[in-house]
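Counting from 10, one number per residue, gives the positions in the sequence shown under the numbering used here. By construction, the Cβ of each residue, glycine as well, lies at the ideal position given by its N, Cα and C atoms. Down below is the structure, laid out as structure tokens.
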Amino acid sequence: FAEADLELGWNRVTYPLPEEMSNLKPDGKYKLYFAWAHVDEGGKKLPLKEKFYIDGIGLAEVTLSRDDLVKQIPEEIRQEVAALLELDDDALVEAVARKTFSYLWNEANPANGLIRDRSTKDSPCSVAAVGFGLSAIPVGIERGWITRDEGYERTLTTLKTFANGGVEGKNGFYYHFVDMSEGCRFGDCEISSIDTALFLAGALTAGQYFAGTEVEALANKVYEAADWQWMMNEGDTLSMGWKPEIGFLSARWNSFNEGLLAYVLAIGSPTYPIPASAWDCIFRPVNENYISLPQETLFVYQYPAAWVDFRNKEDSYANYFSNAATATRMNRLFAVLRRFNYSTYDMDIWGLSACDGPAGYKAYGASEGNHDGTVAPYASIASMPFTPGLSVAAIRAMLQREGGLIWGDYGFVSGFNVDQNWYSGQHVGIDQGIIVLMLENYRSELIWQHFMAHPAIAGAVDRIGFVASDAEYAVTPAYLGEWEKMRLAPAEKEAVASRATRLVTIDGDLSDWTGLEGYLVDEDMNVPAGGIEKVDKARQVLNSTFYVQYDDEYLYIAANVEDEYVVINIKPEDQAGYYRTDSVEFYMDTSRAGSDAGLMKLAVLPFDTEGNVQAVRHEDANPGPIARTNPEIRVASARTERGYAIEVAIPLADLGIKAEPGVTLGFCHVVHNSNDRDAKIGQYARTNIIAWNNLTEVWGSPDLWGMLIFE
């Protein structure tokens with residue numbers, strides 16, 4: 010819409026395009042329809058009786074200022090925001106929950122129960138959003154937003170759709186996105202284990218709420234159809250999914266994240282249960298006093314806790330409720346400490362999580378390199394059970410400062426970034442869902458009560474080993490001690506560099522190294538890291554023996570890597586990350602020898618796509634290809650019967666050291682391995698990491714590397 014006070018003669022009238030109309034294709038053809046009316050002082054529309062002329066219709070890209078955007082806020086939204094700010098805390102939470110719930114109700118196809126992924130007309134259904142919607146229906150009934158009959162019929166329709174084959178999938182699992190009408194696969198998306206888990210959690214919650222009805226029977230039917238044993242793909246942990254074109258995805262739910270929910274469902278399955286030991290195969294890195302993940306995106310802590318009541322209980326590793334509360338406070342603190350650098354962040358405006366951003370959807374988080382000033386409103390709101398005071402304050406602060414810029418038809422939008430003057434105009438189904446569920450858990454514990462009442466879930470909790478506990482810590486003392494031991498023990502290693510007694514030729518032939526002591530990096534020296542699998546010793550061969558010697562000018566290093574299949578998928582010019590595929594690294598900390606040359610982390614790709622060896626320095630004191638950073642370094646590789654060999658000669662001058670007995674460097678040898686024989690050129694295909702010092706984040710812990718001592 011546009012309004013203008015017209016004068017005689019030509020007048021410029023500008024119509025801002027709604028978001029769904031702004032994605033126009035340069036070669037597209039469009040029909041434009043205009044309607045004009047005269048409005049009198051009382052706001053009444055009057056017919057136009059006089060001639061008027063139109064000319065110069067066109068499209069123009071205009072960068073709107075914040076003031077321009079504020080002027081475009083509809084009056085009804087302004088009034089609604091003003092009214093919200095007048096409410097007390099309880100009424101405000103009720104209003105936010107109800108408005109948010111309306112998305113899950115109105116954006117569902119009433120014929121089949123499928124819910125849009127986002128608030129655009131062409132959006133597919135998100136299977137995960139359906140799960141949130143099913144759990145939200147009991148909330149709507151209890152709060153009086155819909156009748157019980159309405160809620161029951163919608164739930165019944167939805168579960169019949171899934172139970173009777175109306176949604177495409179395989180072995181009881183469903184595609185991430187499906188068509189809103191037909192339920193068939195959308196695009197080339199995957200059969201998703203986590204999105205299916207979110208749907209099943211919602212189904213079981215609804216089934217317990219409507220206990221003794223057809224809804225309960227159908228909820229159990231779809232749950233029992235999920236073949237979790239198949240989704241293990243003969244491994245120790247669940248696969249993230251499957252595609253008909255490639256089979257199982259290489260990524261697994263093997264590190265701490267939202268996948269906890271899938272394990273509870275899988276371990277408790279009455280038909281296809283997986284061993285409870287799979288729970289212990291999850292990598293749980295400790296960040297000071299809580300279990301974390303590198304990206305620190307907040308939804309990871311919220312999704313499992315939307316259904317699983319982690320309060321007053323702990324397993325061998327953590328009290329996951331306290332853990333989530335700690336992570337939430339750290340997320341806020343991260344934003345608060347950076348509020349002078351990013352205008353979006355404030356004392357009460359925080360919440361770094363996956364959401365729409367200026368460059369598209371991204372898994373933002375409270376970690377350096379993973380944020381740009383974009384805040385996801387749902388992140389702070391859905392933290393209500395963990396940080397009620399901070400969450401209510403966030404709701405008020407966002408409405409007070411941003412108002413109608415971030416409040417729309419269904420409540421808060423997906424994300425906003427003040428520095429970039431960017432405000433999403435869309436709502437995302439899973440964002441809406443987590444708000445409704447977590448606000449209700451805070452107010453009445455409704456979702457927790459019904460989900461936890463299911464016998465299969467109760468059985469899973471027992472088999473995992475949860476016990477009652479009122480302790481306030483996040484990480485159990487036992488696991489904290491185990492973590493520290495795991496973190497520090499591999500550092501206590503020494504290797505000796507002997508003085509060379511003959512000429513060392515750098516050609517990939519290791520015959521020059523006969524008789525020297527070698528140091529083994531074997532299949533048990535797995536580096537604990539998210540998304541990385543332990544070496545499967547029953548199926549894989551992966552180890553490396555390294556040797557070190559020196560003369561007056563060079564430090565020589567050789568590695569004999571045994572690998573049953575060498576993946577070659579990196580072009581010569583692609584030097585950004587050899588770690589994505591089969592490669593090795595040598596880390597050296599020269600400061601232990603009194604040198605000021607800094608760290609040297611030499612990454613060696615044994616073979617690029619043209620068959621040549623490549624070497625770069627990576628994330629150290631002077632990163633870049635050695636041809637530029639250290640042209641005197643020599644490197645060679647060769648294929649062997651059981652893998653490949655690497656030889657390197659590094660000038661001692663480049664390390665700032667002399668050829669003297671007793672010189673000591675910090676040192677570590679790392680092997681990156683891929684098992685993907687079909688890896689595409691440039692693809693991230695890494696499966697395993699083994700290292701002489703198999704520490705978590707070994708690449709960033711030079712103080713914990715072993716010692717290399719000149720003999």
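In the three-state DSSP reduction, D687 falls in the coil class, being neither helix nor strand. Residue pairing of M609 in beta bridges, as defined by DSSP: M597. Inclusion of H436 and S128 in the CB contact set at 8 Å is warranted, their separation being smaller than that value. Contact between the region 298 to 314 and the region 330 to 337 is established, with three or more Cβ pairs separated by less than 8 Å. Judged by beta-carbon spacing, T696 lies within the 8 Å limit of S259, meaning their Cβ atoms are closer than that value.
In the three-state DSSP reduction, H459 falls in the helix class (H, G or I). In the DSSP assignment, E656 falls within the unbroken beta strand (DSSP E) covering 652 to 660. Below 8 Å, too few C-beta pairs join the region 107 to 126 and the region 425 to 434 to call them touching: fewer than three. A Cβ-Cβ distance of about 6 Å is found for the pair P660 and Y563, placing them in contact under the 8 Å criterion. Under a 10 Å Cβ-count criterion, K543 is classified as buried, with 16 or more other Cβ atoms of the shown protein chains found around its own Cβ. In the DSSP assignment, Q441 falls within the alpha helix (DSSP H) that extends over 438 to 453. Taken through DSSP and simplified to helix, strand or coil, L346 comes out as coil. M407 sits away from P394, with the two beta carbons spaced by 8 Å or more. According to the DSSP secondary-structure assignment, A506 is paired through a beta bridge with F719.
Inter-residue distance for E573 and D583 is about 24 Å (C-alpha atoms, whole angstroms). Straight-line measurement puts the Cα of R125 at about 6 Å from the Cα of S132.
Taking the Cβ atoms as the reference, A235 lies roughly 22 Å from F308, outside the contact range of under 8 Å. Judged by their CB atoms, R472 and T396 are not nearer to each other than the 8 Å cut-off. According to the DSSP assignment, W316 belongs to no beta strand (DSSP E) but to the alpha helix (DSSP H) extending over 308 to 316.
A straight line joining the alpha-carbon of N121 with that of Y39 spans about 32 Å.
The beta-carbon separation of H681 and F555, rounded to 15 Å, does not stay under the 8 Å limit for a contact. In this structure, the CA atom of G398 is about 41 Å from the CA atom of K169. For the 8 Å CB-CB criterion, S553 and A567 do not form a contact. Around the beta carbon of Q409, fewer than 16 other beta carbons lie within 10 angstroms, which makes this residue exposed. If the five residues before and after R686 are omitted, its C-beta is found closer than 8 Å to the C-beta atoms of Y574, V576, all from its own chain and listed in chain order.
For F186 and L165, the gap between their C-alpha atoms comes out near 21 Å. Here the alpha carbons of K322 and R152 stand approximately 29 Å from one another.
Three or more Cβ pairs closer than 8 Å define a contact, and the region 238 to 245 falls short of that threshold against the region 513 to 531.
DSSP lists C364 as the bridge partner or partners of K371. Each of T214, K179, S135, N115 was checked against the Cα of S144, and the nearest Cα belongs to T214. Judged by DSSP in its simplified three-state form, S646 adopts strand. R405 carries a helical assignment under DSSP once its states are collapsed to helix, strand and coil. The count of Cβ pairs closer than 8 Å, one atom from the region 458 to 465 and one from the region 663 to 678, stays below three, leaving the stretches out of contact. T618 has its alpha-carbon roughly 5 Å from the corresponding atom of K580. Scanning its chain for C-beta atoms nearer than 6 Å, with the 5 sequence neighbours on each side dropped, one finds around E571 the residues V550, N552, R651, G652, in chain order.
Between I541 and G277, the CB-CB gap reaches or exceeds 8 Å.
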